[in-house]
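This report concerns only the one structure given below.
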Amino acid sequence: MHFRPLLGCLMALSLSLAPVAAFAQNVTMTGSPLPDQPYTLIHPEAMSVSGEVGGPVTINHPDAPLQCVLTVVAVEDTAWTADGALAALDDAAVSQGWAETFPGFALTNKTTTAYQSSTALLYEGNSTDSPQGVPLTVVHTETVDAGNGYSLDCFYATEMAETVRPLVDFIIANFSTRQDALPLTTLQ
-12 MHFRPLLGCL
-2 MALSLSLAPV
8 AAFAQNVTMT
18 GSPLPDQPYT
28 LIHPEAMSVS
38 GEVGGPVTIN
48 HPDAPLQCVL
58 TVVAVEDTAW
68 TADGALAALD
78 DAAVSQGWAE
88 TFPGFALTNK
98 TTTAYQSSTA
108 LLYEGNSTDS
118 PQGVPLTVVH
128 TETVDAGNGY
138 SLDCFYATEM
148 AETVRPLVDF
158 IIANFSTRQD
168 ALPLTTLQ
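In terms of our numbering, the sequence shown opens at residue -12 and continues consecutively.
Okay, structure coming up:
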């Protein structure tokens, strides 16, 4: 299973590069209204949510250069596993695909990670440029559960990694392919 980023969502990515003094510690939960595409996306309360029912859901932080996009699609490959996807990952193809939007993109890490409800493939990389004019870090996760493919991509200004990456890790660790999830980890 390979998810290609939606060009429209990527081009809409707008990042503020102002230094971030502090993030809100409160969290909120965004869940799917569709019973056949369940999920719970737990994120800092300050992040705004946009999207249409059945389409990608985008969350943006108003005080940080951070955007995450969740896509849920029906899949037929119910035998998909994160370990199998990791073993089959074509580094060159992934880098080339992201480099079309983010020039100079190169993978820096690939592994599996835990969502609340399942194990996900995770890969990440950095670009040397972007439509926003700054190098970006892309953190891509994906899993398959109950006939749905879930892709959660987070983008942030690479220079802000020390401040923003804990938010990305929080969002990923608390994501669930179920509609009734509660936060497992706290936001520091």
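All C-beta atoms in this analysis are idealised placements derived from N, C-alpha and C, irrespective of residue type, glycine included.
Alpha helix (DSSP H) containing residue i: first to last residue?
{"i": "valine 81", "result": "78 to 86"}
{"i": "proline 153", "result": "148 to 161"}
{"i": "aspartate 70", "result": "69 to 75"}
For a test of the three-state rule: what should DSSP assign to residue i, helix, strand or coil?
{"i": "alanine 93", "result": "strand"}
{"i": "alanine 168", "result": "coil"}
{"i": "valine 145", "result": "It is threonine, not valine, that sits at residue 145 in the sequence shown. Helix at threonine 145."}
{"i": "glycine 38", "result": "strand"}
{"i": "threonine 173", "result": "coil"}
{"i": "leucine 123", "result": "strand"}
{"i": "leucine 57", "result": "strand"}
{"i": "alanine 5", "result": "Interpretation of alanine 5 is limited by its pLDDT of 35, a score under 50 that renders its predicted location unreliable; no figure is taken from the coordinates."}
{"i": "alanine 11", "result": "Here alanine 11 scores only 44 on pLDDT, less than 50, and its place in the model is too uncertain to base an answer on."}
{"i": "phenylalanine -10", "result": "For phenylalanine -10, the predicted structure reports a pLDDT of 44, less than 50, and the residue's modelled location is therefore unreliable. A value from the coordinates is still provided. Phenylalanine -10: coil per DSSP, three-state reduction."}
Would you kindly check if the distance between the Cβ of residue j and the Cβ of residue i is under 7 Å?
{"i": "leucine 28", "j": "alanine 69", "result": "no"}
{"i": "serine 117", "j": "glycine 91", "result": "no"}
{"i": "leucine 245", "j": "phenylalanine 142", "result": "With the chain represented from -12 up to 175, any question about residue 245 goes unanswered, as that position is not in the structure."}
{"i": "tyrosine 26", "j": "threonine 164", "result": "yes"}
{"i": "alanine 144", "j": "valine 121", "result": "yes"}
{"i": "tyrosine 110", "j": "phenylalanine 162", "result": "no"}
{"i": "isoleucine 158", "j": "histidine 30", "result": "yes"}
{"i": "valine 36", "j": "threonine 17", "result": "yes"}
{"i": "glutamate 32", "j": "threonine 45", "result": "no"}
{"i": "threonine 128", "j": "glycine 112", "result": "no"}
From the DSSP output, read off the bridge partner residues of residue i.
{"i": "aspartate 132", "result": "Asn135"}
{"i": "alanine 66", "result": "DSSP, once it has assigned bridges, lists no residue as partnering alanine 66."}
{"i": "aspartate 140", "result": "Val56, His127"}
First and last residue of the beta strand (DSSP E) that includes residue i?
{"i": "threonine 15", "result": "14 to 18"}
{"i": "proline 52", "result": "Note, proline 52: premise wrong, no beta strand (DSSP E); not H, not E."}
{"i": "glutamate 111", "result": "106 to 113"}
{"i": "leucine 28", "result": "27 to 31"}
{"i": "valine 44", "result": "44 to 47"}
*Counting Cβ pairs closer than 8 Å, one from the stretch 48 to 63 and one from the stretch 128 to 143, do we hit at least three?*
yes
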